[in-house]
Amino acid sequence: MGFREVRLGAARVVFTDRHGGVSEPPFDTANLGLLTDDDPERVRENRQRVGDALGGGAADPERWFRIRQVHGASAVVAQSGPAGPAPDADAAVTAVAGLP
């Protein structure tokens with residue numbers, strides 16, 4: 023699974039890419055968005071592959087804090103895991119240790 027990881031002191035920063043997944047065109051290959059016309063099972067498999075590659079607390083995609091990417095310039099502060107609809111944003115940051 024393609025991703026870039028950067029360590030900044032105790033912080034872990036991860037950017038995913040579209041390589042190494044199971045989605046078919048036009049979503050190929052590592053589509054992580056369930057709000058697309060991609061097969062939801064393929065998206066779940068792609069998410070699990072990212073989780074497996076990252077390991078630790080990020081291994082379970084159901085625990086991930088999620089955003090709804092809007093291709094803008096907004097970021098949100100994550101205080102807890104998934105609860106309610108994903109906020110519209112392009113980045114998320116947190117000071118909560120272990121929050122994937």
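One rule links them: number in the numbering used here = place in the sequence shown (from 1) + 22. For each residue, glycine too, the CB sits at the ideal point set by N, CA and C.
Is it buried or exposed, V118, if we count other Cβ atoms within 10 angstroms and call 16 or more buried?
If you number the sequence shown from 1, residue 118 lands on position 96. Exposed: under 16 other Cβ atoms inside 10 Å.
Decide if the segment 95-113 is in contact with the segment 63-80; the criterion is three or more beta carbon pairs, one per stretch, under 8 Å apart.
No, they do not touch.
What is the C-beta distance between G43 and A52, in whole angstroms, given that I count them as a contact (C-beta under 8 Å)?
Locating residue 43 in the sequence shown gives position 21, counting from the first residue. Locating residue 52 in the sequence shown gives position 30, counting from the first residue. 3 Å between Cβ atoms; contact.
CB R71 to CB M23, shorter than 8 Å?
As a working mapping, residue 71 is identified with position 49 in the sequence shown. As a working mapping, residue 23 is identified with position 1 in the sequence shown. Taking 8 Å as the Cβ cut-off, R71 and M23 qualify as a contacting pair.
Only counting the same chain, and skipping five residues up and downstream in sequence, which positions put a Cβ closer than 6 Å to that of T116?
For the purposes of this step, residue 116 is taken as the residue at position 94 of the sequence shown. If you ignore the 5 residues before and after T116, its C-beta comes within less than 6 Å of the C-beta of A100, all in its own chain and listed in chain order.
Go ahead and pull the three-state DSSP assignment for A111.
Stepping through the sequence shown from its first residue, residue 111 is reached at position 89. In the three-state DSSP reduction, A111 falls in the strand class (E or B).
Cβ-based neighbour list, V35, same chain, cut-off 6 Å, excluding 5 preceding and 5 following:
As a first step, residue 35 must be located in the sequence shown, where it is residue number 13. Closer than 6 Å at Cβ, skipping near neighbours: V28.
For E27, name the three-state secondary structure that DSSP assigns.
Here residue 27 is taken as the residue at index 5 of the sequence shown, counted from 1. Under the three-state reduction of DSSP output, E27 falls in the strand class.
Short of 6 Å in beta carbon distance, which residues of its chain neighbour D110, apart from the five on each side in sequence? Order them along the chain.
In the sequence shown, counting from the first residue as 1, residue 110 sits at position 88. Beyond the five residues adjoining it in sequence on each side, D110 comes within less than 6 Å, by CB distance, of R90 and V92 in the same chain, given in chain order.
The beta strand (DSSP E) spanning A97 covers which residue range?
Here residue 97 refers to the residue found at position 75 when the sequence shown is read from its first residue. Start and end: A97 to V99.
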